[in-house]
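Undergrad:
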DNA sequence: CATATATGTCAACATGACTGACATAACTTC
DNA sequence: GAAGTTATGTCAGTCATGTTGACATATATG
């Protein structure tokens, strides 16, 4: 069912932008689908995945760091994080610099689940990168950075990486 | 809070793939945030947006077409679609080829809301495309197509577009 | 005629967001 | 050292959006 033709001279631009919108939808839908299935076996949802992922990514991060990344309320986070701590996927220790902080880490059990969930998404990205090629990956990165709202998030992706020729 | 260093020789590849995962998360989070705020004024959610968007994109589509795109159950769709029809954002008419079908279209009210919601996302994409440049956009498209699971979805994005030089 | 398809409906449930209010401990500032 | 701010947690209620399962109707197709 292709989109209907259109006489408007702005059509090409509008069509291109709509395709961008839709690509984000389809890609994200498929990107989350298989991890969701794995999570269901543990009676967890996508929110648990995000917490596990970022705690694995930044071991020793504080609760407030996680809130800044996820941009949800602490009450929302509290439910999933509480479950993950009680079921021993995540451990907490008091901060030394600031003893109010609870620093988060994956337990061995948590690392195991993280690997299982993330492997799936890593493979999907790896396949897409491989098929698209290195230049395409660079373009993908540029566009994705542009879609984000904040410089703070963009800064997470600074390229220390290969020198540009 | 940069990721901790790592001695594993696969680090660069793993780091690159993880950045891909995270870019999808941050971009999607920000991509949906402003439309969500607009929708809240109508007491609608993201699911309503998706329905309005795709009905606007493919006027006269059947319910089953929408289910194939959204990949949710008909019961889930029924709730939001029912609201949108009752509140006259979407109209239904019987199919002629197959009279069991209910063909969906936006009403004027629906088109108005669709414009409001989509304009926001179009502008975000337009800005990202403009800043990244044409080659980057082509790379972005390639990678996004690769992330999708099905050829059926990839086919929605066939380039009839500008002849390659 | 028999079967499959397109659609809808009712009910129950889980997840993950939200707001608002309140509490405690620890850090920072005057 | 008192006052204010920050980091975190908790209780309670609400809403949106997904799920499964069962059943119903009209229409199309073999």
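Chains as they are written, first to last, in my numbering: chain A, 1 to 165; chain B, 1 to 165.
Ideal placement from N, C-alpha and C gives every residue a C-beta, glycine not left out.
Under 9 Å between the Cβ atoms of residue 60/A and residue 128/B?
TA: Within the first chain, the letter at position 60 stands for residue 60/A. Within the second chain, the letter at position 128 stands for residue 128/B. Contact flag unset, no.
Undergrad: Buried or exposed for residue 118/B, please, with buried defined as at least 16 other CB atoms from any protein chain shown within 10 angstroms of its CB.
TA: For this step, residue 118/B is matched to residue 118 along the second chain. With 16 or more other Cβ atoms within 10 Å, it is buried.
Undergrad: Of all the residues that make up the segment 69–96 of chain A, which are near chain B by a beta-carbon distance shorter than 9 Å?
TA: The residues in question are 69, 70, 71.
Undergrad: What does the Cβ neighbour count give for residue 114/A, buried or exposed, with the cut at 16 atoms within 10 Å?
TA: Your numbering for residue 114/A matches position 114 in the first chain. Buried.
Undergrad: Which chain A residues are close to residue 126/B, counting only those with a beta carbon under 7 Å from its beta carbon?
TA: Translated into the one-based positions of the second chain, residue 126/B becomes position 126. Ordered by position in chain A, the residues that pass the 7 Å Cβ test against residue 126/B are 17.
Undergrad: So residue 167/A and residue 31/A are in contact, right, with Cβ under 8 Å, and what is the actual spacing, rounded?
TA: There is no way to answer for residue 167/A, as the model of chain A reaches only from 1 to 165.
Undergrad: Determine the DSSP secondary structure at residue 101/A, reduced to helix, strand or coil.
TA: Indexing the first chain from 1 puts residue 101/A at position 101. Correct three-state label for residue 101/A: coil.
Undergrad: Grab me the residues of residue 67/A's own chain with a C-beta within less than 7 Å of its C-beta, minus the 5 sequence neighbours each way, in chain order.
TA: As a position in the first chain, residue 67/A is number 67, starting the count at 1. So the qualifying residues of the chain are 74, 77.
Undergrad: Pick from 15/B, 46/B, 37/B: whose alpha carbon is nearest that of residue 190/A?
TA: Nothing in the structure corresponds to residue 190/A, since chain A is present only between 1 and 165.
Undergrad: May I have the straight-line CA-CA distance separating residue 43/B from residue 88/B, to the nearest angstrom?
TA: Taking the first residue of the second chain as 1, we reach residue 43/B at position 43. Taking the first residue of the second chain as 1, we reach residue 88/B at position 88. Computed Cα separation, rounded: 14 Å.
Undergrad: Using a beta-carbon distance below 9 Å, is residue 21/A in contact with chain B?
TA: As a position in the first chain, residue 21/A is number 21, starting the count at 1. Residue 21/A counts as touching chain B.
Undergrad: Give every residue of the same chain whose Cβ lies closer than 7 Å to the Cβ of residue 35/B, excluding the five residues on either side of it in the sequence, and list them in chain order.
TA: Stepping through the second chain from its first residue, residue 35/B is reached at position 35. Cβ neighbours of residue 35/B beyond the five flanking positions: 49, 117, 120, 121.
Undergrad: Got a sec, what are the start and stop residues for the alpha helix (DSSP H) residue 127/A sits in?
TA: Reading the first chain from its first residue, position 127 is the one you call residue 127/A. 108–132 is the extent of the alpha helix (DSSP H) around residue 127/A.
Undergrad: For residue 82/B, tell me which candidate among 124/B, 51/B, 132/B, 65/B has the shortest Cα-Cα distance.
TA: Here residue 82/B corresponds to residue number 82 of the second chain, with the count starting at 1. Of 124/B, 51/B, 132/B, 65/B, the residue nearest in Cα terms is 51/B.
Undergrad: Cβ of residue 167/A less than 9 Å from any chain B Cβ?
TA: Missing from the structure shown is residue 167/A; chain A here goes from 1 to 165 and no further.
Undergrad: By the criterion of Cβ-Cβ separation under 7 Å, what are the contact partners of residue 143/B in chain A?
TA: Taking the second chain and counting its residues from 1, one reaches residue 143/B at position 143. What residue 143/B touches in chain A: 128, 129, 132, 136, 137, 140.
Undergrad: Rounded to whole angstroms, what's the CA-CA distance from residue 40/A to residue 107/B? Just pull it up for me.
TA: Position 40 of the first chain, counting from 1, holds the residue named residue 40/A. Position 107 of the second chain, counting from 1, holds the residue named residue 107/B. The straight-line gap from Cα to Cα measures roughly 39 Å.
Undergrad: Tell me where the beta strand (DSSP E) around residue 169/A begins and ends.
TA: An answer regarding residue 169/A cannot be provided, because it is not within the stretch 1 to 165 covered by chain A.
Undergrad: Between residue 50/A and chain B, is the shortest Cβ-Cβ distance under 9 Å, so that the two count as touching?
TA: Within the first chain, the letter at position 50 stands for residue 50/A. Yes, residue 50/A lies at the interface with chain B (some Cβ there is under 9 Å from its Cβ).
Undergrad: Any beta carbon from chain B within less than 9 Å of residue 146/A's own beta carbon?
TA: Your numbering for residue 146/A matches position 146 in the first chain. Yes - at least one Cβ of chain B is within 9 Å of the one on residue 146/A.
Undergrad: Below 8 Å on C-beta distance, what does residue 149/A contact in chain B?
TA: One-based indexing of the first chain puts residue 149/A at position 149. Those are 30, 33, listed as they occur along chain B.
Undergrad: Which one of 155/B, 125/B, 150/B has the shortest CA to CA distance from residue 71/B?
TA: Sequence index remark: in the second chain, residue 71/B carries index 71 (1-based). The option with the nearest alpha carbon to residue 71/B is 150/B.
Undergrad: Quick check on residue 29/B: buried or exposed, where buried means 16 or more other Cβ atoms within 10 Å of its Cβ?
TA: Counted from its first residue, the second chain places residue 29/B at position 29. Its Cβ being crowded by 16 or more others within 10 Å, residue 29/B is buried.
Undergrad: Buried or exposed, going by whether 16 or more other CB atoms sit within 10 Å of the CB of residue 134/B?
TA: Position 134 of the second chain, counted from the first residue, corresponds to residue 134/B. Counting Cβ neighbours within 10 Å, residue 134/B comes out exposed, since fewer than 16 surround it.
Undergrad: Would a check of beta-carbon distances place residue 27/B closer than 9 Å to chain A?
TA: One-based indexing of the second chain puts residue 27/B at position 27. Closer than 9 Å: yes.
Undergrad: What are the boundary residues of the alpha helix (DSSP H) that includes residue 78/A?
TA: Numbered from 1 along the first chain, position 78 holds the residue referred to as residue 78/A. Where residue 78/A is concerned, the enclosing alpha helix (DSSP H) stretches over 74–86.
Undergrad: Can you tell me which of the three DSSP states residue 148/B falls into?
TA: Taking the second chain and counting its residues from 1, the one referred to as residue 148/B is at position 148. It is coil, neither helix nor strand.
Undergrad: Who does residue 62/B pair with in a DSSP beta bridge?
TA: As a working mapping, residue 62/B is identified with position 62 in the second chain. In DSSP, residue 62/B forms a bridge with 103/B.
Undergrad: So, at 7 Å on beta carbons, what are the nonlocal neighbours of residue 163/B in its own chain, with the 5 sequence-adjacent residues on each side left out?
TA: On the second chain, position 163 is the one that residue 163/B refers to. Unreliable placement is indicated for residue 163/B, whose pLDDT of 40 sits below 50; no coordinate value is reported for it.
Undergrad: Could you give the first and the last residue of the continuous alpha helix (DSSP H) run that contains residue 45/A?
TA: Numbered from 1 along the first chain, position 45 holds the residue referred to as residue 45/A. Counting along the chain, residue 45/A falls outside any alpha helix (DSSP H), and DSSP gives it neither H nor E.
Undergrad: Write down the C-beta distance between residue 125/B and residue 17/A rounded to the nearest angstrom, noting that I regard them as a contact closer than 8 Å.
TA: Residue numbering aside, residue 125/B sits at position 125 when the second chain is read from its first letter. Residue numbering aside, residue 17/A sits at position 17 when the first chain is read from its first letter. Going by Cβ atoms, the distance from residue 125/B to residue 17/A rounds to 5 Å, so yes, they are a contact pair.
Undergrad: Quick one: is residue 104/B near chain A, going by C-beta distance under 9 Å?
TA: Taking the first residue of the second chain as position 1, residue 104/B is located at position 104. Answer no: the Cβ-Cβ gap between residue 104/B and chain A never drops below 9 Å.
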